[in-house]
Structure formats: structure tokens, C-alpha cells
Amino acid sequence: MRATDLSELAAFEAVARHRSFRKASEERGVTASAISHAVSNLETRVGIRLLNRTTRNVSATDAGAMLLAQLSPALRDIGSALDALNQFRETPFGKVRINAPNSIAPFVLGPVMGELIRNNPKLELEIVATDRLVDIVEDGFDAGIRLGESLREGMVAVKIRPRLRFAVVGSPGYFETKPIPRSPADLTAHVCIRNMYPSGAFYPWSFARDGEAIDVEPRGPLALHDHELMVEAALAGIGLAYIWEARAKPYVESGRLVECLQEWCPPEDWLYLYYPTRRHMSAGLRAVIEAMRV
Numbered sequence: 039m040r041a042t043d044l045s046e047l048a049a050f051e052a053v054a055r056h057r058s059f060r061k062a063s064e065e066r067g068v069t070a071s072a073i074s075h076a077v078s079n080l081e082t083r084v085g086i087r088l089l090n091r092t093t094r095n096v097s098a099t100d101a102g103a104m105l106l107a108q109l110s111p112a113l114r115d116i117g118s119a120l121d122a123l124n125q126f127r128e129t130p131f132g133k134v135r136i137n138a139p140n141s142i143a144p145f146v147l148g149p150v151m152g153e154l155i156r157n158n159p160k161l162e163l164e165i166v167a168t169d170r171l172v173d174i175v176e177d178g179f180d181a182g183i184r185l186g187e188s189l190r191e192g193m194v195a196v197k198i199r200p201r202l203r204f205a206v207v208g209s210p211g212y213f214e215t216k217p218i219p220r221s222p223a224d225l226t227a228h229v230c231i232r233n234m235y236p237s238g239a240f241y242p243w244s245f246a247r248d249g250e251a252i253d254v255e256p257r258g259p260l261a262l263h264d265h266e267l268m269v270e271a272a273l274a275g276i277g278l279a280y281i282w283e284a285r286a287k288p289y290v291e292s293g294r295l296v297e298c299l300q301e302w303c304p305p306e307d308w309l310y311l312y313y314p315t316r317r318h319m320s321a322g323l324r325a326v327i328e329a330m331r332v
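First residue of the sequence shown? That's 39 in this note's numbering, and the numbers climb one at a time after it.
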């Protein structure tokens with residue numbers, strides 16, 4: 039088999055798995071036109087259409103689905119074989135792709151990125167920060183970061199720093215017209231900035247103290263899924279925001295925001311860096327894990 043054959047097969051596998059030339063090109067690190075050309079060359083050589091293409095959708099034909107079913111495990115085995123070579127390298131090498139929630143990425147990855155790159159000059163670190171839940175295997179990531187409560191089965195999970203905590207904050211101007219809440223029940227009398235997932239679903243404000251757990255469904259005219267916008271809305275006096283304490287900290291210290299209900303906001307579950315079970319781990323991913331583990 040020629041090297042170009044393997045490249046074309048890998049391009050087809052990525053397109054068929056993602057059902058997208060764009061996503062395949064992002065994963066493979068080449069242009070969408072190069073991916074399209076590789077797949078077309080493969081179809082010409084085997085004499086069979088492998089993908090059905092429309093302006094909106096890409097799907098595997100019956101022949102393509104059969105090829106994909108056998109090809110994906112074979113490519114994973116090749117990847118594992120190459121990963122096994124890392125044990126012979128003294129320093130991390132190559133690309134590591136990490137997915138992390140956008141709202142926590144600065145606090146988790148920000149403190150370690152510089153040291154990782156400085157200490158490992160042959161390491162290529164790619165970080166995609168999004169609050170959308172993704173399948174790291176399907177989307178071509180080496181590892182992901184999530185709270186322990188949302189980890190998928192079948193993944194290896196490593197506890198990482200830091201342990202984050204939510205905080206309820208409002209501007210001094212807001213509290214000129216509203217009393218500072220002393221318990222979660224007091225929030226019914228307040229304007230709250232609702233927290234929203236990218237899907238559009240809302241999530242409650244969760245509180246706990248002395249073994250008592252309370253979930254509050256906040257009410258207010260504004261719903262956001264970006265914590266930076268929540269900070270801006272709170273600074274503008276629109277209402278109370280429920281955000282990561284680390285994000286609110288500089289504004290609280292400067293007096294631009296006032297924190298409340300501290301005794302009702304314990305630390306969240308631990309964060310974990312997780313990755314698929316593999317016999318061999320790349321030296322690059324090992325370096326990332328060691329830089330972040332507790």
C-alpha cells in the first residue's frame with residue numbers, strides 16, 4: 039500500500055465518521071478541498087461511490103458504511119502502534135487536542151499552558167473551549183475536561199486542579215434597591231440572570247449547607263450561557279449572577295461586585311481530565327496530565 043492510499047483512507051474515515059468535510063479537515067489539519075480530493079481519488083481507484091453528498095449532508099453509502107466499520111478499528115490500531123513509540127522518546131512530541139468547557143478553561147488550562155510549552159518545545163497543544171458537550175473520540179480529541187458528575191463510562195479519568203466553586207454576585211447599585219439575600223429562599227424576591235446551556239435548556243442554581251441541598255429555578259428577564267456576559271450583566275445592575283467564583287473574584291476584590299450566600303456555595307465536584315482507554319499513551323498527553331493532576 040502506498041502512503042497516499044493510507045492518507046486517502048484516513049481522510050474518508052474522518053469524513054464518514056463526522057459526516058462533514060469541514061469537521062474532517064479540522065481534525066486532519068488540512069483544507070476541506072484537500073479532504074474532498076483525497077476521497078474522490080479513493081472512490082476513483084476502488085470504482086465505487088463511498089459517500090453520498092448533498093449541499094447540506096454527507097453520509098456513507100452501503101459500501102462506504104462497510105468500509106468504515108472495518109477501517110476505523112484498523113486506523114485506531116495504527117494510532118496505538120505509533121503511540122507506543124513514545125516510550126522511546128525522552129521528551130513529549132506531536133499534537134495533543136483537548137476539549138474543555140469554555141466557562142472553566144481559563145482557570146484550568148490558563149495556569150499550565152505556558153509552562154507546558156516552555157518545558158516541551160516539540161509539543162503542539164490545541165485547545166477547543168466550548169460549553170457544548172462533545173464526544174471526544176468522535177470529534178478527534180485526545181482528552182477532555184469535565185466535572186466528575188458528567189463523565190462518560192469507559193473513559194480513564196484523572197483528577198485535576200483546581201476545585202471550583204460557584205458564587206452569587208450583584209452590583210452595589212443593584213443592592214441599593216434590593217436587600218442582600220441571606221438564604222436561597224430569598225432569591226424569589228430578586229431579579230436573577232438565568233444560566234442557560236448552549237442547547238437552550240436552563241440549569242438551576244444549586245446550594246448546600248449542613249447536609250441540606252437546595253436547587254433554585256432563578257427568574258429574570260435575561261438568560262445567558264456565557265459567563266463573561268453574565269459578569270457584564272451583573273456589573274450593569276441587571277440582576278444577580280451565578281458564576282464561577284474565580285471569574286467573579288477580581289470584581290469582588292475591587293468592589294464592583296458584592297458576593298452573597300457564600301456559606302451556601304460549597305466547592306463543586308472535582309474536575310477530571312479524561313481520555314479513551316488505550317494500551318499506549320502518547321508522551322504529549324502524559325505531559326499534559328502530569329502538569330494538571332492533583
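The C-beta atom is built at its ideal place from N, Cα and C for all residues, glycine as well.
Helix, strand or coil at residue i according to DSSP, with G and I counted as helix
| i | result |
| --- | --- |
| Gly132 | strand |
| Pro244 | It is Ser, not Pro, that sits at residue 244 in the sequence shown. DSSP places Ser244 in strand when its eight states are reduced to three. |
| Trp282 | strand |
| Leu311 | strand |
| Ile198 | strand |
| Glu297 | strand |
| Asp253 | strand |
| Gly322 | helix |
| Ile218 | coil |
| Arg55 | helix |
| Ile276 | coil |
| Pro210 | coil |
| Ala239 | coil |
| Pro259 | coil |
| Pro305 | strand |
Within 8 Å, strictly: CB atoms of residue i and residue j
| i | j | result |
| --- | --- | --- |
| Gly192 | Thr92 | no |
| Ala286 | Glu297 | yes |
| Leu106 | Arg170 | no |
| Leu299 | Pro222 | yes |
| Tyr312 | Gly102 | no |
| Pro130 | Asn158 | yes |
| Val229 | Gly258 | yes |
| Ala49 | Val77 | yes |
| Ala143 | Ala167 | yes |
| Gly85 | Gly322 | no |
| Leu89 | Val53 | yes |
Among the options, the one whose alpha carbon lies nearest that of residue i
| i | options | result |
| --- | --- | --- |
| Arg83 | Pro111, Arg66, Leu47, Ala284 | Leu47 |
| Ser16 | Gly249, Leu295, Pro217 | No information on residue 16 is available, as it lies outside the stretch 39 to 332 that the chain covers here. |
| Val254 | Arg232, Ala261, Pro144 | Arg232 |
| Tyr310 | Ser74, Leu185, Met151, Leu120 | Leu185 |
| Gly67 | Leu80, Ile174, Ser45, Asn95 | Ser45 |
| His263 | Asp248, Ser237, Leu273 | Ser237 |
| Arg135 | Met151, Val96, Phe145, Ser141 | Met151 |
| Met347 | Lys216, Ala274, Ala279 | No information on residue 347 is available, as it lies outside the stretch 39 to 332 that the chain covers here. |
| Cys303 | Phe50, Arg247, Ala112, Ile174 | Arg247 |
| Leu202 | Trp308, Ala62, Asp180, Asn140 | Trp308 |
| Arg324 | Val196, Ser110, Glu176, Ile116 | Val196 |
| Ser97 | Pro219, Lys216, Glu51 | Glu51 |
| Phe240 | Pro256, Ser71, Ala251 | Pro256 |
| Tyr289 | Met268, Ile218, Ser141 | Met268 |
| Asp115 | Val332, Met319, Val326 | Met319 |
| Phe59 | Asn95, Arg220, Lys216 | Asn95 |
| Ile174 | Lys61, Thr226, Glu306 | Lys61 |
| Asn140 | Ser74, Pro305, Ile252, His265 | His265 |
| Glu81 | Asp43, Lys160, Arg57, Gln108 | Asp43 |
| Pro305 | Ser244, Lys160, Val332 | Ser244 |
| Tyr206 | Lys160, Ala272, Gly249 | According to the sequence provided, residue 206 is Val. The question's Tyr does not apply to it. With distances taken between Cα atoms, Val206 lies closest to Ala272. |
| Phe213 | Glu250, Ser71, Gly293, Glu176 | Gly293 |
| Glu176 | Pro149, Ala227, Arg57, Ile252 | Arg57 |
Whole-Å CB distance - residue i paired with residue j, under 8 Å assumed
| i | j | result |
| --- | --- | --- |
| Arg87 | Thr99 | 5 Å |
| Ile198 | Met330 | 4 Å |
| Ile281 | Leu260 | That belief does not hold up - the Cβ atoms of Ile281 and Leu260 are roughly 13 Å apart, past 8 Å. |
| Glu283 | Phe204 | 7 Å |
| Ile155 | Leu163 | 7 Å |
| Glu328 | Gly178 | Contact flag wrong, Cβ pair sits at about 23 Å. |
| Val172 | Asn137 | 6 Å |
| Leu225 | Pro217 | Rounded, the Cβ-Cβ distance is 11 Å, inconsistent with contact. |
**Request:** Go through the segment 105-187 residue by residue and report every complete run of the beta strand (DSSP E) that reaches 3 residues or more, in order.
**Result:** 132-138, 161-167, 181-185
**Request:** Would you list, in sequence order, the uninterrupted beta strand (DSSP E) runs of no fewer than 3 residues that lie entirely inside the segment 72-101?
**Result:** 89-91, 96-98
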